[in-house]
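Basically the working numbering = 1-based index in the sequence shown + 41.
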Amino acid sequence: GSGKGADTITSGLEGAWTPTPTTWDNSYWDTLFSLEWELVESPAGAKQWQPKDAEAQELVPDAHIEGKKNPPMMATTDLALLADPEYRKISERFRDNPDEFADAFARAWYKLLHRDMGPHSRFLGPWVPEPQLWEDPVPAVDHDLVDDDDVADLKATVLDAGVSVQDLVFTAWASASSYRDTDKRGGANGARIRLAPQKDWEANEPERIGRVLAALEGIQQDFNSNQSGGKRVSLADLIVLAGSAAVEKAARDAGHDITVPFSPGRTDATDEMTDADAFSVLEPRGDGFRQYRRAGDKLPPEQRLLDKANLLALCAPEMTVLVAGMRALGATHGGTSHGVLTDRPGVLTNDFFVNLLDPGVEWTTAREEGVYEGRRAGSDEVVWTATAADLVFGSNSQLRAIAEVYGQDDGREKFARDFAQAWTKVMELDRFDLR
Numbered sequence: 042g043s044g045k046g047a048d049t050i051t052s053g054l055e056g057a058w059t060p061t062p063t064t065w066d067n068s069y070w071d072t073l074f075s076l077e078w079e080l081v082e083s084p085a086g087a088k089q090w091q092p093k094d095a096e097a098q099e100l101v102p103d104a105h106i107e108g109k110k111n112p113p114m115m116a117t118t119d120l121a122l123l124a125d126p127e128y129r130k131i132s133e134r135f136r137d138n139p140d141e142f143a144d145a146f147a148r149a150w151y152k153l154l155h156r157d158m159g160p161h162s163r164f165l166g167p168w169v170p171e172p173q174l175w176e177d178p179v180p181a182v183d184h185d186l187v188d189d190d191d192v193a194d195l196k197a198t199v200l201d202a203g204v205s206v207q208d209l210v211f212t213a214w215a216s217a218s219s220y221r222d223t224d225k226r227g228g229a230n231g232a233r234i235r236l237a238p239q240k241d242w243e244a245n246e247p248e249r250i251g252r253v254l255a256a257l258e259g260i261q262q263d264f265n266s267n268q269s270g271g272k273r274v275s276l277a278d279l280i281v282l283a284g285s286a287a288v289e290k291a292a293r294d295a296g297h298d299i300t301v302p303f304s305p306g307r308t309d310a311t312d313e314m315t316d317a318d319a320f321s322v323l324e325p326r327g328d329g330f331r332q333y334r335r336a337g338d339k340l341p342p343e344q345r346l347l348d349k350a351n352l353l354a355l356c357a358p359e360m361t362v363l364v365a366g367m368r369a370l371g372a373t374h375g376g377t378s379h380g381v382l383t384d385r386p387g388v389l390t391n392d393f394f395v396n397l398l399d400p401g402v403e404w405t406t407a408r409e410e411g412v413y414e415g416r417r418a419g420s421d422e423v424v425w426t427a428t429a430a431d432l433v434f435g436s437n438s439q440l441r442a443i444a445e446v447y448g449q450d451d452g453r454e455k456f457a458r459d460f461a462q463a464w465t466k467v468m469e470l471d472r473f474d475l476r
């Protein structure tokens with residue numbers, strides 16, 4: 042044959058589903074319900090269904106040969122809409138209500154084509170419809186935002202609230218790091234870490250973040266109730282602000298005076314704005330930044346770390362400085378000491394790199410699966426424990442080069458400032474209004 046037109050090689054399925062394959066109408070449902078179907082083989086040998094009825098053998102115009110008529114075809118998936126009782130109810134409703142079917146298709150098609158574009162605010166043009174639930178909407182800002190003086194006061198209040206640096210950093214990270222750059226979902230805006238399903242994720246330690254959120258909600262209520270005008274602070278903003286305040290304190294304790302940039306403007310979503318089932322796919326299987334790995338996860342921790350860094354749109358230096366900073370701050374899942382290569386956790390030091398690259402420390406596998414033990418040469422005493430997500434910064438040549446820059450004596454200030462910059466990037470990944 043010619044290899045084109047009537048001789049085109051296809052998937053093996055041959056034919057059209059309706060008598061009017063180039064027209065939008067309800068003939069798919071009419072054809073599916075009105076005919077009796079039998080299993081046949083296409084000219085290419087694929088299994089498909091065609092009508093038993095003799096009068097239905099010439100319903101569909103041929104795509105290439107003028108005047109030729111063919112029978113319609115169905116796949117097994119089409120006939121399943123008849124066989125399954127629940128899907129049949131839906132199919133009958135669409136058959137009997139063409140306008141409802143057209144509207145449902147338009148909405149599903151719109152979702153299919155735009156699912157990876159993120160929130161409604163990123164959509165452009167005059168034809169953008171109203172926000173949809175699958176776009177993870179958040180309320181518009183309807184109040185005055187906090188100014189620099191308010192931010193300074195709130196930071197001081199947070200640090201006096203009796204919540205540890207580790208817990209403030211852990212909670213802010215858990216909130217913001219749910220972001221996925223692949224489809225622009227997740228992030229700190231909306232404060233959905235306080236809603237189902239995020240509040241119950243194992244990675245987020247529900248009891249731990251519950252205590253932190255309760256403290257922050259109290260601060261939020263006190264601040265808002267004391268404002269005479271329309272100024273307010275959202276919990277979403279306060280979660281990020283609290284984490285940034287903790288980072289600044291940890292840097293000061295290390296001798297570095299840095300300011301973590303903060304841009305207010307986040308708002309708090311509600312349960313009605315949140316599709317819990319749709320958000321469940323964002324639950325992390327692992328997060329090397331906070332030393333979390335779900336039981337039974339088959340992906341090696343260092344690969345899971347790289348995957349997470351990719352979802353957060355981080356480059357290699359940003360990933361490196363964030364891991365080291367989170368370890369120095371002790372912001373690990375379950376408070377594990379694995380990878381916390383410092384004797385002063387909670388202080389933003391470069392100790393992670395210094396001790397990881399210490400030539401006097403020998404690393405061997407431990408009895409605990411996935412854990413390594415560091416001992417001083419000639420000693421049986423374990424001085425550090427770590428996972429592959431930590432040791433990769435010493436074994437991978439590219440990451441080790443970055444680690445050596447930060448691990449030098451004159452790299453301490455650079456480390457603190459670069460951590461603050463990378464931290465801010467993660468906190469603002471979903472702030473499309475700032476770009």
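Don't be surprised by glycine CBs; every beta carbon is placed ideally from N, CA and C.
According to the DSSP assignment, tryptophan 70 belongs to the alpha helix (DSSP H) that extends over 68-75. The distance from the Cβ of valine 210 to that of valine 288 is about 7 Å, consistent with a contact at the 8 Å cut-off. In the structure shown, tryptophan 90 falls within a strand segment according to DSSP collapsed to helix, strand and coil.
Sorting Asp140, Glu445, Arg252 by C-alpha distance to the C-alpha of tryptophan 65 places Asp140 at the top. The alpha-carbon separation between glutamine 91 and proline 62 amounts to approximately 16 Å.
Aspartate 399 and threonine 465 have their alpha carbons spaced roughly 30 Å apart.
The beta carbon of alanine 430 lies closer than 8 Å to those of Gly329, Gln332, Pro342, Glu343, Arg345, Leu346, Val364, Gly380 in the same chain, with the five residues before and after it left out.
In the three-state scheme derived from DSSP, where H, G and I count as helix and E and B as strand, threonine 428 is classed as strand. Closest option to glycine 371, judged by alpha-carbon separation, among Pro386, Pro302, Pro358: Pro386.
Apart from the 5 residues on each side of it in sequence, glutamine 173 has no Cβ closer than 6 Å to any other Cβ in its chain.
Glutamate 176 has its alpha-carbon roughly 33 Å from the corresponding atom of valine 204.
Nearest C-alpha to aspartate 94 among Asn265, Leu73, Asp392, Trp425: Leu73. Following the DSSP letters along the chain, one finds glycine 415 inside the beta strand (DSSP E) bounded by residues 412-417.
Under the DSSP assignment, glutamate 409 falls outside any alpha helix (DSSP H); it carries neither an H nor an E label. Its chain contains Tyr220, Gly228 as the residues whose beta carbon lies nearer than 6 Å to that of leucine 470, once the 5 sequence neighbours on both sides are disregarded; these appear in chain order.
Just measuring C-alpha positions, the residue of Val199, Phe264, Pro305 sitting nearest glycine 231 is Pro305. Contact check for alanine 116 against leucine 54 passes: the beta carbons are separated by less than 9 Å. Straight across, the Cα-Cα distance linking leucine 355 with glutamate 454 is about 21 Å. Under the three-state reduction of DSSP, proline 102 is assigned to strand. In terms of Cβ geometry, leucine 353 and aspartate 309 do not form a close pair [threshold 9 Å].
Counting C-beta pairs with one atom in each stretch, the segment 233-240 and the segment 309-324 have three or more that are closer than 8 Å, which means they touch. Residue pairing by DSSP places leucine 54 in no beta bridge whatsoever. Following the DSSP letters along the chain, one finds glutamate 82 inside the beta strand (DSSP E) bounded by residues 78-82. DSSP, read as helix, strand or coil, puts asparagine 245 in helix.
In the assembly as shown, glycine 415 is a buried residue. Its beta-carbon has 16 or more other beta-carbons within 10 Å. Closest in C-alpha terms to arginine 307, from the list Asp348, Val187, Leu397, Gly375, comes Val187. Rounded to whole angstroms, alanine 407 and threonine 426 show a C-alpha spacing of 9 Å. When the beta-carbon positions are compared, alanine 57 and valine 101 come within less than 9 Å of each other.
For alanine 124, the enclosing alpha helix (DSSP H) covers residues 117-124. Minimum Cα-Cα distance from glycine 435 among the listed residues Val395, Asp421, Glu422 corresponds to Val395. Taking C-beta atoms under 8 Å as the contact rule, alanine 457 and alanine 295 qualify, at a distance of about 6 Å. Beta bridge pairing from DSSP links aspartate 392 with no other residue. Distance from the CA of lysine 130 to the CA of methionine 360, rounded to the nearest whole angstrom, comes to 51 Å. Runs of alpha helix (DSSP H) with 4 or more residues, each lying fully within the segment 287-337, are found at 317-320, listed in chain order. In this model, leucine 257 and serine 68 are separated by some 57 Å (Cα to Cα).
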